Amino acid sequence: MRGHSAEVVAVAVYRSTQTVATSSMDQTTKLFNAVTGQNVATLRGHTGEVVVNQFDRDGTTVLTGSFDKTIKIWDVRTAQCTATLYGHTAELTACHYDFSCRAIASSSLDGTAKLWDVRKTDSCCHTIAGHTDEVLDICFDSVGRRVATASSDCSACIWDVSSGDLISAMIEHTGEVTKVFWEPAGHHLLTASQDHSSIIWDTETGECLQELKGHTDHVFSVLMSYLGDTILTASKDNTCCVWQQFNSKNN
């Protein structure tokens with residue numbers, strides 16, 4: 000799939016229609032046919048690098064976040080922008096739909112996270128300003144009741160979506176927390192950090208359940224399988240690690 004004029008930094012796939020969305024430092028997002036590789040649309044409108052994208056649940060819209068400090072919602076069929084969300088004062092680092100696709104969570108280098116109602120795109124519902132440094136990642140739990148944030152202040156936090164209030168703060172890492180990922184059942188949260196480790200946390204108590212050590216450089220990404228028995232981590236040390244047989248009181 001070719002067509003971008005700069006680095007491609009985000010990709011999403013909608014399997015039912017075999018559509019791929021790619022976002023780039025060239026300030027565009029492109030839609031491709033996954034089978035033929037044909038570029039079927041180019042989404043133009045951001046004035047900064049586009050660093051994140053996501054399809055909604057039925058594949059009719061694509062969400063994009065940019066270094067221009069905005070979030071855009073695009074109609075896949077027409078390739079037109081249907082809404083632009085303003086409010087962040089620095090570059091976006093992440094933005095995601097919840098499972099219902101009625102809410103959006105975003106994080107930014109301005110040190111805040113924001114929660115948005117898709118049906119009311121003129122302003123955000125809550126601004127989360129509890130971190131003391133840049134917010135590098137954000138994600139909803141599987142039912143959309145909580146969001147987790149990762150920050151350069153070496154912490155991860157869990158917040159209540161309806162109120163924006165802090166539920167728990169997880170402080171154990173000694174470097175920037177670069178990624179957060181919910182275990183499917185919602186009992187555990189995974190974090191990746193520049194301190195070369197990943198940690199499995201109890202989301203109710205904020206307790207560190209297990210630290211995954213083995214990488215020799217920054218850990219940038221972490222994922223867990225649907226069954227919760229396998230974890231993948233990716234690092235600046237040029238390796239990925241597979242971790243298995245995690246056991247706890249909840250899994």
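Here the sequence shown is numbered in numbering that gives the first Met the number 0, starting from 0 and rising by one per residue. Backbone N, C-alpha and C fix where the C-beta goes; we use that ideal spot for every residue, glycine too. Just so we're clear, the structure is a prediction, and the values are computed from it rather than from any experiment.
- For threonine 59, the closest C-alpha among the options Leu30, Tyr85, Ile70 and Leu211 is that of Leu30.
- Sequence-distant Cβ neighbours of threonine 88 in its own chain, meaning closer than 6 Å and more than five residues away, are Asp109.
- Judged by their CB atoms, valine 134 and serine 154 are not nearer to each other than the 8 Å cut-off.
- With a cutoff of 8 Å on beta-carbon distance, glycine 47 and serine 65 are scored as near each other.
- Our two residues, isoleucine 166 and threonine 27, have alpha carbons roughly 36 Å apart in a direct line.
- Listed in chain order, the alpha helix (DSSP H) runs fully inside the segment 209-233 amount to none, counting runs of at least 4 residues.
- Methionine 169 and alanine 11 have their C-alpha atoms roughly 29 Å apart.
- In the structure shown, arginine 145 adopts extended strand secondary structure according to DSSP, grouped into three states.
- Sequence-distant partners of cysteine 123 (beyond 5 residues in either direction) whose C-beta falls short of 7 Å from its own C-beta, in its chain, are Gly86, Lys113, Leu114 and Trp115.
- Within the model, the alpha-carbon separation for glycine 129 versus aspartate 152 is close to 10 Å.
- Note: histidine 3 is not bridge-paired with any residue in the DSSP secondary-structure output.
- Collapsing the DSSP output to three states places threonine 238 in coil.
- At least 8 Å separates the beta-carbon of alanine 233 from that of leucine 188.
- Here glutamate 90 has Phe66 and Leu108 as same chain residues with Cβ atoms under 6 Å from its own Cβ, once five neighbours each way along the sequence are excluded.
- A direct Cα-to-Cα measurement between glutamine 53 and phenylalanine 180 gives close to 16 Å.
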